[in-house]
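This report concerns only the one structure given below.
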Amino acid sequence: MMPDQAPEDSLFTRIGGKAAVDAVVDLLYNRLLRDVEVGRFFTDMDERAQRRKMKVFLAYAFGALPNYSGASLREAHRPLVEEKGLTDIHFDVVAEHLQSILLELHVPESLVEEVMAIVGSTRNEVLNR
Ligand code: HEM
Numbered sequence: 000m001m002p003d004q005a006p007e008d009s010l011f012t013r014i015g016g017k018a019a020v021d022a023v024v025d026l027l028y029n030r031l032l033r034d035v036e037v038g039r040f041f042t043d044m045d046e047r048a049q050r051r052k053m054k055v056f057l058a059y060a061f062g063a064l065p066n067y068s069g070a071s072l073r074e075a076h077r078p079l080v081e082e083k084g085l086t087d088i089h090f091d092v093v094a095e096h097l098q099s100i101l102l103e104l105h106v107p108e109s110l111v112e113e114v115m116a117i118v119g120s121t122r123n124e125v126l127n128r
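Okay, so the sequence shown: first residue is 0 according to numbering that gives the first Met the number 0, each after it adds one.
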């Protein structure tokens, strides 16, 4: 998951390392749970699972998982697509929360764009198509 010693040129390091990532985890977690459109997707999980999900999510977003497996993202979200109606609308809401948080934390726009490109590249796997 999150590397203890990420390479200096990694997006993880350039974005501010563990301190920045922890701040993003807290903010994103709170916002998703309170969000009218996506909050319901997260209520079935226990808190530990929710935190783990956020960490792994951000590991993807910050490019800290080089051996990224689209198959596992597909599996993890399949029940959400099939049983709870997960669509592009929800994907966009999650991506937008992440983007606002990064901008609020004054992450430079070029880095925010890198993060959003990585997140966007997972769309088809997450939505199982
Ligand atoms: C935007 C791109 C997304 C990425 C990169 C992502 C990433 C992940 C990852 C890595 C897991 C892993 C869990 C595991 O190992 O068990 C996961 C689970 C989960 N994701 Fe996402 N996710 C994305 C979008 C979404 C969206 C749009 C929703 C709902 C609105 C969502 C809701 C969930 C839930 C509820 C789980 C837990 C499933 C379970 O174990 O019960 N994710 N996600």
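Glycine included, every Cβ here is placed at the ideal spot set by N, Cα and C.
Since the structure is predicted, the reported quantities are computational estimates derived from the model, not experimental observations.
Query: Alpha-carbon to alpha-carbon, A58 and M1; Result: Caution is warranted here: a pLDDT of 46 is assigned to M1, below 50, making its placement in the model unreliable, and no coordinate value can be reported.
Query: T121: CB within 7 Å of a non-hydrogen atom of ligand 1; Result: yes
Query: Three-state secondary structure (DSSP) of E124; Result: helix
Query: Same chain, Cβ closer than 7 Å to M115, neighbours up to 5 away in sequence not counted; Result: A94, Q98
Query: Test: S109 CB closer than 8 Å to a CB of chain B; Result: Of the protein chains in this structure there is only one, and it is not chain B.
Query: Under 8 Å between C-beta atoms of L72 and L79; Result: no
Query: Straight-line Cα distance separating V118 from F56; Result: 9 Å
Query: Coarse secondary structure for T86, derived from DSSP in three states; Result: coil
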